[in-house]
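Here is the structure we will look at, set down as structure tokens.
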Amino acid sequence: MTQHRFNTSYIIAVSFISALGGYLFGFDFAVISGALPFLKKTFDLAEPWKEGLLTGSLALGCIAGCLIAGSLADKYGRRPGLMTAAIIFALSSIGMAVSNTLGVFIGMRLAAGIGVGMASMLSPMYIAEISPAAVRGRNVAINQLTIVFGILITNLVNYFLADTGVHAWRWMFGLGAVPSLFFLLGVLWLPESPRWLMQANQQERARQILGKIGNPEYAAHTVTDIKQSLQGAQPVSLAGIWSPSVRRFIIPGIMLAVFQQFCGINVVFNYTSTIFESVGANLNQQLFETVSIGAVNLLFTILAMWQVDKLGRKPLMLGGAAGLAVIYLVLALLLQNQAAAGLVSVFVLIGIALYATSLAPVTWVLIAEIFPNHIRARATTIAVLALWAAYFLLVFTYPILAKKLGTYVPFYIYAGVCALGFLFVRNRIQETKGKTLEEISGQSFH
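The working numbering puts the first residue of the sequence shown at 92, with every later residue one more than the last.
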């Protein structure tokens with residue numbers, strides 16, 4: 092058997108630069124948590140639906156971003172989409188910082204969402220297409236690592252800016268323009284995805300890039316595999332996505348994406364202040380909790396990176412779903428009984444640790460790898476669209492549910508969702524560890 096050798100440093104460099112889109116995703120995702128107490132005063136967010144709309148508007152932009160990214164990725168390649176996302180990130184960060192009305196701010200947050208949506212789809216897909224099978228899970232998880240690193244850095248910045256006055260939120264959002272420019276410069280260096288090049292009939296360019304990733308034997312073998320997977324495969328329209336031969340991949344992808352959001356953990360990320368305020372924590376303690384959450388999230392994401400290609404995708408997903416179901420039941424009881432903030436914090440952090448080692452990175456890995464080459468861009472678009480639609484529903488409804496039913500009641504609901512998610516993963520998801528993208532596309536996900 093021919094021994095394939097790889098240029099590990101080149102692969103990791105390409106993966107990390109592409110994953111900087113994840114850092115910006117983490118920034119826009121986390122900045123709202125620290126800024127929300129100030130935004131409530133600036134824009135008078137007394138009604139819960141306003142708070143939910145302001146928080147969830149990012150997700151509405153993400154939906155548009157996914158559609159734009161899917162079209163760009165199919166027509167022009169993965170790099171142009173990543174470059175466009177970087178530019179949108181930079182402009183929207185400045186736009187949010189200078190907003191003077193709630194309408195303008197929400198409009199700019201929608202624009203930021205377009206950049207987040209594009210990066211959330213393109214970065215993991217690009218990394219999956221550029222990575223050898225043996226390290227693909229770890230490399231796609233780099234994207235999740237940069238997301239949580241972005242969350243932690245943003246939470247730290249928010250914490251230190253909180254004492255600068257009522258307009259601290261403007262600096263919180265405006266500073267997002269800096270990493271956006273670094274991301275743009277990095278993308279200029281990236282090669283195009285060899286699998287997209289093969290689809291675009293640019294075989295020689297694809298072979299050259301694969302030759303940088305591995306030795307000539309690896310390049311030749313991969314070109315042959317991609318050609319075989321594309322043989323007789325016709326471009327699939329959005330309507331054609333629902334044909335029986337394609338639907339067996341699409342439905343599990345959508346279900347995974349929706350489960351990752353409806354599991355409820357992003358309520359903890361986005362409404363940290365609200366949750367801890369309900370048990371008597373002051374503003375300083377609320378912001379400190381966001382930093383603690385970010386630190387635990389980062390630590391356990393690093394752990395997950397080294398386990399996803401060893402333990403496999405399915406065991407991690409099952410463990411996360413079961414563990415979160417139990418943690419949410421405990422959290423609901425603690426919040427219901429007005430337990431001490433310190434005790435609530437312990438179980439919140441355990442929940443974050445479980446999520447960071449399971450649903451957070453593994454869902455993105457699976458979405459990036461389960462779709463066949465000829466439908467990957469369109470299918471990923473649909474799965475990530477479903478993810479952001481579910482995220483919007485989650486963060487929009489939480490303030491309303493919390494006000495009408497109590498802060499704790501939604502956590503009982505999320506526990507039930509996690510139990511159902513456990514059954515879905517156990518019965519419908521197959522292990523993809525160690526398989527090439529072409530081998531995975533031959534599996535049945537019925």
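By construction, the Cβ of each residue, glycine as well, lies at the ideal position given by its N, Cα and C atoms.
| Check | Outcome |
| --- | --- |
| Those residues which DSSP pairs with residue 97 across a bridge | 305 |
| Residue 452 and residue 243 closer than 9 Å at C-beta | no |
| Three CB pairs or more closer than 8 Å across the region 440-460 and the region 388-403 | yes |
| Reduced DSSP category for residue 462 - H, G, I as helix; E, B as strand; rest coil | coil |
| Three CB pairs or more closer than 8 Å across the region 399-414 and the region 182-197 | no |
| Nearest-angstrom beta carbon gap, residue 407 and residue 502 [assumed within contact, 8 Å] | Contact doesn't hold; Cβ gap of about 22 Å is too wide. |
| heavy atom of the ligand GTP below 8 Å from residue 405 C-beta | Within the structure as shown, the ligand GTP is missing, as the structure has no ligands at all. |
| Nearest-angstrom Cα separation, counted from residue 216 out to residue 415 | 27 Å |
| Ordered list of alpha helix (DSSP H) runs contained in the region 115-179, each at least 4 residues | 139-167 |
| Per-residue DSSP class, three states only, for residue 543 | Nothing about residue 543 can be reported from this structure: the residues present for the chain run from 92 to 537 only. |
| Integer Cβ distance of residue 382 from residue 246, believed to fall under 8 Å | 5 Å |
| Simplified DSSP assignment, three categories, for residue 280 | coil |
| Test item: CB-CB of residue 233 and residue 107 under 9 Å | yes |
| Contact check, residue 498 vs residue 320, beta carbons under 9 Å | no |
| Delimiting residues of the alpha helix (DSSP H) encompassing residue 334 | It is not in any alpha helix (DSSP H) - residue 334 carries neither H nor E in the DSSP assignment. |
| Nearest to residue 264 (by Cα), restricted to the options 435, 358, 182 and 135 | 182 |
| Cutoff 8 Å; reference residue 92; Cβ partners in own chain excluding five residues on either side | Any answer about residue 92 is weak, because its pLDDT of 43 lies below 50 and its placement is not dependable; what the coordinates show is given next. Correct list: empty, nothing qualifies. |
| The alpha helix (DSSP H) enclosing residue 520, as first and last residue numbers | No alpha helix (DSSP H) holds residue 520; DSSP gives it neither H nor E. |
| CA-to-CA distance, residue 226 to residue 97, given in whole angstroms | 11 Å |
| Beta-carbon gap between residue 385 and residue 121 smaller than 9 Å | yes |
| Neighbourhood of residue 154 by C-beta distance below 7 Å, restricted to the same chain and skipping five residues each side | 208, 476, 479 and 480 |
| CB contact flag (residue 136, residue 142, <9 Å) | yes |
| Alpha-carbon to alpha-carbon, residue 405 and residue 518 | 10 Å |
| Spatial distance of residue 460 from residue 309 (CA atoms) | 19 Å |
| Within the region 188-268, ranges of the alpha helix (DSSP H) (whole runs, at least 4 residues) | 193-221, 227-252 and 259-265 |
| Contact between the region 292-299 and the region 157-174 (3+ Cβ pairs under 8 Å) | no |
| Exposed unless 16 or more other CB atoms sit within 10 angstroms - verdict on residue 192 | exposed |
| Buried/exposed call for residue 523, threshold 16 Cβ in 10 Å | buried |
| Neighbourhood of residue 159 by C-beta, 7 Å cutoff - its chain only, sequence neighbours within 5 removed | 205 and 209 |
| Three-state class that DSSP yields for residue 372 in the structure shown | coil |
| Beta-carbon proximity check, residue 355 vs residue 419, cutoff 9 Å | yes |
| Simplified DSSP state of residue 399, which is helix, strand or coil | coil |
| Beta-carbon spacing of residue 239, residue 359 below 9 Å | no |
| Boundaries of the alpha helix (DSSP H) in which residue 482 is found, first to last residue | 467-496 |
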